[in-house]
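Trainee: Encoded as structure tokens, here's the structure I'll be asking about.
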Amino acid sequence: MDVTKIKPLADRILVKPVEEEEKTKGGIVLPDTVSKEKPQIGEVLAVGPGRTNDDGKTFPLQFKKGDKVIYAKYSGTDIKGDDDEDYLILSEKDILAILE
Amino acid sequence: MDVTKIKPLADRILVKPVEEEEKTKGGIVLPDTVSKEKPQIGEVLAVGPGRTNDDGKTFPLQFKKGDKVIYAKYSGTDIKGDDDEDYLILSEKDILAILE
Amino acid sequence: MDVTKIKPLADRILVKPVEEEEKTKGGIVLPDTVSKEKPQIGEVLAVGPGRTNDDGKTFPLQFKKGDKVIYAKYSGTDIKGDDDEDYLILSEKDILAILE
Amino acid sequence: MDVTKIKPLADRILVKPVEEEEKTKGGIVLPDTVSKEKPQIGEVLAVGPGRTNDDGKTFPLQFKKGDKVIYAKYSGTDIKGDDDEDYLILSEKDILAILE
Amino acid sequence: MDVTKIKPLADRILVKPVEEEEKTKGGIVLPDTVSKEKPQIGEVLAVGPGRTNDDGKTFPLQFKKGDKVIYAKYSGTDIKGDDDEDYLILSEKDILAILE
Amino acid sequence: MDVTKIKPLADRILVKPVEEEEKTKGGIVLPDTVSKEKPQIGEVLAVGPGRTNDDGKTFPLQFKKGDKVIYAKYSGTDIKGDDDEDYLILSEKDILAILE
Amino acid sequence: MDVTKIKPLADRILVKPVEEEEKTKGGIVLPDTVSKEKPQIGEVLAVGPGRTNDDGKTFPLQFKKGDKVIYAKYSGTDIKGDDDEDYLILSEKDILAILE
């Protein structure tokens, strides 16, 4: 689908996983096929309005478009973009930290 | 059943799954039988009045009839329409994003 | 038991499952033994006073006697009537929609 | 134990299961050994003061001594009386309906 | 340990299980080794101050030292006394009824 | 680690398990290798400030340094001290009673 | 990733596990390969703003950068730093105590 048209709801965000170059101790860059771990860093493409509490009050998210975030592995829902790239819809609680 | 007569309750919505044309990298459209993944995009046909909190206050849903929504796979209850098509009754929390 | 004497408590309702005639695409009505899915539509025979919140306030149910409701499969408790028919006691949360 | 001395606490009730005479369609009464289902109807022998919410307020139960109630199978705790009969201590939430 | 020195905390109580004499229908008392069920009746030896809610308010227990209580099987924590007897620390919710 | 430097957080306490001398009915003290059950009595070495509720109010614990407490088996986190002894970090809810 | 750029969110903290030298009773330091247990002590490198309750009020964490903390084994999310060292993102509830 066309990910530029995705508008996340509630406390959800749309993230583009960022593949980290993985180096060995000696500094050799490993090609993609050697790296087995799924990426844990992503760039925020779109954010929802935020979590709404039981009384109907909404709290904006603590990150914004363009932020790089670290998220827990295996969380969220995978989305395949029209550009054949993988995207992810995550919830606020899946985001552990911002990478400045 | 006649889905035009379904009136969802509480925070539920009636959705008609939309089958995305799936293309290979080279642009070739894959016939339906090759695509194995269940669709994750649906058109909203009817919405309930919204979630009611413990004090009896109701909060309207954030999407309306005609919206295209992205929902988590394997969520909701399947409904077979009189037109032999598949429909789905989902809850607000199953809806991840709106597709504009 | 005599289902006409059942008075549901709290947010429960007594429902008589409605067997839908199932037709093939060509319009042929399938006999009952061919249809394997349990019915998901029922007629409301009696309703409880409604859910009571933690402070003791009661909220009336959103459906009434005579309504046709759609409910999630495998929910509720089966009741065998004196008339040898099957009935069901369901909770408010099991009811997905009203069929108008 | 002597069930006449049991005083249920909180939202619990003491129930004497009622064995329903089960008839075949032709009206033949089936002897007890043929009927395999455990009874789901019971007579209320004693009730507790009712559920207490988190603030210490107590809500009386919606049924009283002598009521016939329908309860979910396999719920509650079995009690063997001095009279060799089986009794049951149930919670309010196990009671689905009153049989008038 | 010396059970006379046990001071239960919060909504917990110290109970001495009471072995019921079990009789057959003919009135013959069964020796202890024949009876397989664990006792469900106990005498309250000591009670805690009661449950404390989230705001720090404490609610005294509904039973006191000397009461005979009926409790759910397999609940609580077994304590072996210096007198080689078995005792039990139970929570308020494990107590189903008082036996007067 | 040096357990004298452990400062428990929230509703946690540091406990030194106390091995009870176990005697047979005849009064013979069993050597340690015969006793298989893990100790359930411990001496409180340090306590946290207490549980904090959702509004940020803190409730001090009901036991203090030097108290002997009874705790549920298999609860808490084992800590190996520099003195090669075993210690335990427990939560308030794991403490069943004080042993006076 | 560059851990100096990690800014934890909500009640999360970034921790560098500290490997304790493990000595036998005779005082012999065991080489790393003999010690099998994962470290349970870590140094706090960065802290989030703190837990936010349902009404949107934030409560600062009870530990700060530079604190040594004891955490439950197998908790948190592992992070591999650019320096080839292992780091951990933990939640407030995983921290059992401060080591002064």
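Residue numbers (our numbering), protein chains in the order written: chain A, 215 to 314; chain B, 215 to 314; chain C, 215 to 314; chain D, 215 to 314; chain E, 215 to 314; chain F, 215 to 314; chain G, 215 to 314. Built from N, CA and C at the ideal position, the CB exists for glycine as well. As the structure is a prediction and not an experimental result, all values here were calculated from the model.
(1) For the beta strand (DSSP E) that contains Val283/B, what are its first and last residues?
(2) Is the CB-CB distance between Ile293/E and Val217/E below 8 Å?
(3) So Leu259/B packs on Leu228/B, CB below 8 Å; how close in whole Å?
(4) At what residues does the beta strand (DSSP E) containing Thr291/C begin and finish?
(5) Can the beta-carbon of Lys271/F be found less than 8 Å from the beta-carbon of Gly270/E?
(6) Out of Glu314/D, Ile312/D, Ala311/D and Glu299/D, point me to the one whose CA is closest to Glu233/D's CA.
(7) Reducing DSSP to helix, strand and coil, say where Glu257/D ends up.
(8) Could you round the C-beta distance between Ser289/E and Arg226/E to whole angstroms and report it? I think they count as a contact, below 8 Å.
(9) Looking at Thr266/E: is its Cβ nearer than 8 Å to the Cβ of Ala286/F?
(10) I'd like to know if Asp308/D contacts chain C, where contact means its C-beta is closer than 8 Å to some C-beta of that chain.
(11) At a CB-CB cut-off below 9 Å, which residues of chain D make contact with Asp269/C?
(12) Could you tell me the alpha carbon to alpha carbon distance between Gly280/F and Asp297/E, rounded to whole angstroms?
(13) Work out the CA separation of Lys221/D and Glu257/C for me, nearest whole Å.
(14) Which residues bound the beta strand (DSSP E) around Lys230/F?
(15) Kindly indicate if chain F contains any beta-carbon less than 8 Å away from that of Ile255/G.
(16) Could you please give the first and the last residue of the uninterrupted beta strand (DSSP E) stretch that includes Asp300/F?
(17) Can the beta-carbon of Leu223/E be found closer than 8 Å to that of Ile312/F?
(18) So if DSSP puts Pro222/G in a beta bridge, which residue, or which two residues, is it bridged to?
(19) Listing by chain order, which chain G residues have their CB less than 9 Å from the CB of Ala286/A?
(20) Please state whether the Cβ-Cβ distance between Lys282/F and Ile255/F is less than 8 Å.
(21) Look at the alpha carbon of Lys315/B and the alpha carbon of Lys307/B, and state the distance between them as a whole number of angstroms.
(22) Run the proximity test for Gly295/F: is its beta-carbon closer than 7 Å to any non-hydrogen atom belonging to the ligand GDP?
(23) Along chain F, which residues have their Cβ under 7 Å away from the Cβ of Leu313/G?
(24) Let me check one thing: in DSSP terms, what residues is Phe273/B bridge-paired to?
(25) Who are the Cβ neighbours of Glu314/F in its own chain at under 7 Å, not counting the five residues just before and after it?
(26) Note down the Cα distance separating Val261/G from Pro263/D, rounded to an integer number of angstroms.
(27) To which residues of the same chain is Gly295/E closer than 8 Å at the C-beta, ignoring the five residues directly before and after it?
(28) Return no unless some Cβ of chain E is closer than 8 Å to the Cβ of Asp223/D.
(29) Just the Cα atoms here: how many angstroms apart are Phe273/F and Asp268/D?
Mentor: To lay it out plainly:
(1) Here residue 283/B corresponds to residue number 69 of the second sequence, with the count starting at 1. Lys282 to Tyr285 is the span of the beta strand (DSSP E), which, as asked, contains Val283/B.
(2) Sequence index remark: in the fifth sequence, residue 293/E carries index 79 (1-based). Sequence index remark: in the fifth sequence, residue 217/E carries index 3 (1-based). A contact, by the Cβ cut-off of 8 Å.
(3) In the second sequence, residue 259/B corresponds to position 45, counting from 1. In the second sequence, residue 228/B corresponds to position 14, counting from 1. About 5 Å; that satisfies the 8 Å criterion.
(4) Working through the third sequence from its first residue, we reach residue 291/C at position 77. Its beta strand (DSSP E) spans residues Thr291 to Lys294.
(5) Within the sixth sequence, the letter at position 57 stands for residue 271/F. Within the fifth sequence, the letter at position 56 stands for residue 270/E. Yes.
(6) For the purposes of this step, residue 233/D is identified with residue 19 of the fourth sequence, where counting begins at 1. When only C-alpha atoms are compared, the closest one is Glu299/D.
(7) Within the fourth sequence, numbered from 1, the residue matching residue 257/D stands at position 43. Of the three classes helix, strand and coil, the one that applies to Glu257/D here is strand, per DSSP.
(8) As a working mapping, residue 289/E is identified with position 75 in the fifth sequence. As a working mapping, residue 226/E is identified with position 12 in the fifth sequence. Contact flag wrong, Cβ pair sits at about 11 Å.
(9) Within the fifth sequence, the letter at position 52 stands for residue 266/E. Within the sixth sequence, the letter at position 72 stands for residue 286/F. No, the Cβ-Cβ distance between Thr266/E and Ala286/F is not below 8 Å.
(10) Taking the first residue of the fourth sequence as 1, we reach residue 308/D at position 94. Not an interface residue.
(11) Here the question's residue 269/C lines up with position 55 in the third sequence. Ordered by position in chain D, the residues that pass the 9 Å Cβ test against Asp269/C are Asn267, Asp269 and Lys271.
(12) Taking the first residue of the sixth sequence as position 1, residue 280/F is located at position 66. Taking the first residue of the fifth sequence as position 1, residue 297/E is located at position 83. Near 26 Å, if we compare the C-alpha coordinates of Asp297/E and Gly280/F.
(13) Within the third sequence, residue 257/C is the residue found at index 43, counting from 1. Within the fourth sequence, residue 221/D is the residue found at index 7, counting from 1. If I take the Cα positions, the gap works out to 39 Å.
(14) Within the sixth sequence, the letter at position 16 stands for residue 230/F. Lys230/F -> beta strand (DSSP E) spans Arg226 to Val232.
(15) Position 41 of the seventh sequence, counted from the start, is the residue given in the question as residue 255/G. Yes, Ile255/G lies at the interface with chain F (some Cβ there is under 8 Å from its Cβ).
(16) Stepping through the sixth sequence from its first residue, residue 300/F is reached at position 86. Start and end: Asp300 to Ser305.
(17) Residue numbering aside, residue 223/E sits at position 9 when the fifth sequence is read from its first letter. Residue numbering aside, residue 312/F sits at position 98 when the sixth sequence is read from its first letter. Yes; because the gap between Cβ atoms is below 8 Å, this pair is in contact.
(18) In the seventh sequence, counting from the first residue as 1, residue 222/G sits at position 8. DSSP, once it has assigned bridges, lists Ala311/A as partnering Pro222/G.
(19) Looking up residue 286/A in the first sequence gives position 72. The answer, in chain order, is Thr291 and Ile303.
(20) On the sixth sequence, residue 282/F is found 68 positions in, with the first residue counted as 1. On the sixth sequence, residue 255/F is found 41 positions in, with the first residue counted as 1. Yes; because the gap between Cβ atoms is below 8 Å, this pair is in contact.
(21) Here chain B comprises residues numbered 215 to 314, so residue 315/B is not present and cannot be evaluated.
(22) The model depicted lacks the ligand GDP and carries no ligand whatsoever.
(23) In the seventh sequence, the residue the question calls residue 313/G occupies position 99. Simply Met215, Lys219 and Ile220.
(24) Residue 273/B sits at position 59 when you count from the first residue of the second sequence. BP columns for Phe273/B point to Arg265/B.
(25) Reading the sixth sequence from its first residue, position 100 is the one you call residue 314/F. Excluding sequence neighbours, Glu314/F sits near nothing in its chain.
(26) Within the seventh sequence, the letter at position 47 stands for residue 261/G. Within the fourth sequence, the letter at position 49 stands for residue 263/D. Between Val261/G and Pro263/D, the C-alpha separation is close to 49 Å.
(27) Here the question's residue 295/E lines up with position 81 in the fifth sequence. The residues are Met215, Asp216, Val217 and Tyr301.
(28) Looking up residue 223/D in the fourth sequence gives position 9. Looking at the sequence itself, residue 223/D is Leu, so the reference to Asp does not match. So, interface residue.
(29) Taking the sixth sequence and counting its residues from 1, one reaches residue 273/F at position 59. Taking the fourth sequence and counting its residues from 1, one reaches residue 268/D at position 54. Spanning the two alpha carbons is a distance of roughly 17 Å.
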